[in-house]
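Chains as they are written, first to last, in this note's numbering: chain A, 22 to 310; chain B, 82 to 242.
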Amino acid sequence: MKWFDYAAPASLSEAVGLLTAHPGARLLAGGTDLLVQLRAGRKETDLVVDAKHIPELNAISYDAARGLTLGASVPCYRIYKDKNVTGAYPALAEVASLIGGTQIQGRASIGGNLCNAAPSADSVPLLIALHGTCRIAGPRGSREIAVEDFCTAPGRTVLQPGELLVSLHLPPPAPHSGARYLRFIPRNEMDIAVAGAGVEVVLENGRFRSARVALSSVAPTPLYVREAGEALAGSPVDEASIAAAAEIARKSAKPITDMRGTADYRSHLCAVLTRRALEAAVLRARGKN
Amino acid sequence: MHTKVRVQTTINGEPQEFLCEPRQSLLECLRDLLGLTGTKEGCNDGNCGACTVLMDDRVVTSCLVLGVEAQGCQITTIEGIARGSELHPLQRSFLENAALQCGICTPGFIVAAKALLDQQPNPSEDEIRLWLANNLCRCTGYDKIIRAVKQAAEQMQEVNA
C-alpha cells in the first residue's frame, strides 16, 4: 500500500475543509471496501479521512413523526441491534445482517455500501424502496438527493470534490406497509448477489396503495424500477398483480454475463426475487412477520 | 515529510503505545511492531478471518483496520484469551476435539467464538455456523470446530450454573 496520511476530523466542517484542500482524499468509514481497494492498487490516495469521529456520521436517530436518520459511517452491527430500526424498519435490520460476515458487520456501514457504488450493493435497493434520501455536505453547503439518483456508474457517485455523504434519511413507515430485500447467492451467506430485489408495499382495502421496487446486480448501478411500483398502485393484492410487477422488473433489468451468472439467468432471477420479495412484504404489511 | 503516528491503546488489558505508519494495518502493528504474532495473516482482504481480534468488544478482521484507528480502543487478541497459564474453555475444547490441523485459522476462530459466547452463552449449531461464516478453515471441514464451540459453551454454562 502506498503511503498516505491520516486525519480524524471531529466535525463536519473540518472534514469538508480537508476534503476540499485534498481533492485526492478518501473518506474512511468501515474500510472494508476502501482498504482492500488501496491495498490492491485499485484506488490511490494521499490522505485518508476517518469519518467515524464526525458526530453526524456516527449517529442513529429515530422519531416516529420524522423517521430515521442514519449516519453514513454507522456500522451494520449497530444498525441491526438498534431497537428503533428492528421495530420500524425490520427489512433494514435484515439487510445490515446480510452484508459480509460478523467481522465485516463490525465495521462496514450502509453509507459506505452506497458510496462504494457497486451494482451489487445489498443495501441500496432496499434504501430506494424505502424512499431513502441522502444528505450531502460540501464546500457550498448541504444538499439532498434521492438514493436512486446517487450512483452514476460502477464505483461512481454524484459526490463532487469536497463533498461527503453525511447521512441517510428514511421517512417513517406508512401504516399497513412492509418491505423486504431478497438476493440470490449460491451459498448461505457471505457472497455477492447474483441478483437482488428490494421492495416496499403500502396496502389499503385489499389493494396496493403504492409500491416501490429496486434491483441489484443487474445494471451498472442499483436500479429503481419505477414502472413496477406504478403498475401495482391501485391493483388488488393478488397473484396476478404481483406477477405483472415481477415481469416488469425482469424486463427492466439490463444484466451482464459474468462468472456469477448469465444475463438470462439474472433476468429470470429478477422476476422470481421481485415476486417473492413482494409476497414477503405483503405479509409483513399485514402484520404477519 | 512522511510522519509516523503515535497510537495509544489498550491491548489485552495492558496500556500499549506504538509508532506506526498511517497505512499500516492493525494486523501489521500487532505482529510487526508489538510482537503479538498469535494473530495470523491469511488473505489480508477481510475474507478469511484468520486475523480476527476484538476492538471495543466488536469482532473485526485486523487486516481491515488501520493501526491508527486503534487510538483509544480496547483490543483483545488471542494472547489475551487464556487466564495466565489456564486455557480458556474454548482453547481446551479445540484441543480436545482436534478442531484444528494446520492451526493458522485457530486464533481467529477462538477470538470470534469467544465474542459469540460472551453475548450468547448457549448458541444453536446454526447460530455458531452463521457467526463463524467469516472464518475460513481449509483443514477440518468445520464440523469439529462447531462441536468444539458447542462443547465449550456447555462447559462454561456448567461452571456458571
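Every residue gets a Cβ at the ideal spot worked out from N, C-alpha and C, and that includes glycine.
Could you check the C-alpha separation between Ser-237(A) and Pro-146(A) for me, to the nearest Å?
-> 6 angstroms
Of the residues Leu-68(A), Val-57(A), Ile-213(A), the one placed nearest Ala-46(A), counting alpha carbons only = Leu-68(A)
Segment limits, alpha helix (DSSP H) that includes Ala-189(B) | At residue 189(B) the sequence reads Gly, which differs from the Ala that was named. Run containing Gly-189(B): 187-200, per the alpha helix (DSSP H) assignment.
Using a threshold of 8 angstroms, state whether the C-beta atoms of Pro-193(A) and Ala-117(A) are closer than that.
-> no
Anything in chain A within Cβ reach of Ala-193(B), meaning under 8 angstroms, just list it in chain order.
-> Thr-123, Gln-124
If you measure from the beta carbon of Arg-228(B) to each beta carbon in chain A, is any gap under 8 angstroms?
-> no
Please report how far the alpha carbon of Gly-308(A) lies from the alpha carbon of Ser-198(A), in whole angstroms.
-> 9 angstroms
8 angstroms Cβ cutoff, Arg-87(B) in contact with chain A = no
Leu-290(A) and Phe-205(A): beta carbons closer than 8 angstroms?
-> yes
What residues of chain B sit near Asp-26(A), judged by a beta carbon separation below 7 angstroms?
-> Pro-103
Endpoints, the alpha helix (DSSP H) within which Ser-205(B) is located | Element bounds for Ser-205(B): n/a, residue is neither H nor E.
Nearest chain B C-beta to Gly-52(A) closer than 8 angstroms, yes or no?
-> yes
Listed in chain order, which residues of the segment 107-126 of chain B have Cβ atoms closer than 9 angstroms to some Cβ of chain A?
-> Asn-125, Asp-126
Run the CB neighbour count on Asn-137(A), radius 10 Å, all protein chains shown included, and call it buried at 16 or more, exposed below.
-> buried
Tell me, please, whether the segment 168-178 of chain A touches the segment 73-93 of chain A by the rule of three or more beta-carbon pairs shorter than 8 angstroms.
-> no
Report the rounded CA-to-CA distance for Ile-263(A) versus Ala-306(A), giving the unit in angstroms.
-> 15 angstroms
What number of angstroms, rounded off, separates the C-alpha of Gly-52(A) from the C-alpha of Val-258(A)?
-> 42 angstroms
What is the DSSP secondary structure of Leu-244(A), reduced to helix, strand or coil?
-> strand
Compare the C-alpha of Lys-272(A) against each of Val-293(A), Ala-28(A), Ala-261(A), Gly-282(A) and name the closest.
-> Val-293(A)
If you compare alpha carbons, which of Gly-153(A), Ala-167(A), Gly-62(A), Thr-123(A) is closest to Glu-221(A)?
-> Gly-153(A)
Determine which residues of the segment 188-222 of chain B have a Cβ less than 7 angstroms from any Cβ of chain E, and write them out in chain order.
-> Within the model displayed, chain E is absent; protein chains A and B are what it includes.
Gln-89(B): first and last residue of the uninterrupted beta strand (DSSP E) it sits in = 86-92
Using a beta-carbon distance below 8 angstroms, is Glu-235(B) in contact with chain A?
-> no
Using a cut-off of 8 angstroms between C-beta atoms, extract the partners of Val-143(A) located in chain B.
-> Residue identity check: residue 143(A) is Asp in the sequence provided, not Val. Under the 8 angstroms cutoff, chain B gives no residues; its nearest Cβ is about 15 angstroms from Asp-143(A).
Can you list the residues of chain B that Met-211(A) reaches, using a CB-CB cut of under 9 angstroms?
-> Asn-128, Ala-214, Asn-215
Contact set between Ile-141(B) and chain A, taken where Cβ atoms lie within less than 8 angstroms | For the record, residue 141(B) in the displayed sequence is Val; it is not Ile. Neighbours of Val-141(B) on chain A, chain order: Gln-124, Gly-127, Arg-128.
Using a Cβ-Cβ cut-off of 8 angstroms, state whether Leu-147(B) counts as contacting chain A.
-> yes
Rounded separation between Glu-206(B) and Ala-194(B) - CA only = 12 angstroms
Could you confirm whether any beta carbon from chain A is found closer than 8 angstroms to the beta carbon of Glu-98(B)?
-> no
To the nearest angstrom, how far is it from the Cα of Gly-133(A) to the Cα of Ser-144(A)?
-> 10 angstroms
Where the segment 190-206 of chain A meets chain B: residues whose CB sits under 7 angstroms from a CB there = none
Are the beta-carbon atoms belonging to Ala-200(A) and Leu-151(A) less than 8 angstroms from one another?
-> yes
Against chain A: residues of the segment 156-177 of chain B by CB proximity under 7 angstroms = none
Name the chain A residues whose beta carbon is nearer than 8 angstroms to that of Thr-90(B)?
-> Those within 8 angstroms of Thr-90(B) in chain A number zero; the least Cβ separation is about 14 angstroms.
Taking only beta-carbon positions, decide if Glu-150(B) is within less than 8 angstroms of chain A.
-> yes
Could you name the residues of chain B that Tyr-98(A) contacts, counting a contact when the two beta carbons are closer than 9 angstroms?
-> Arg-139, Val-140
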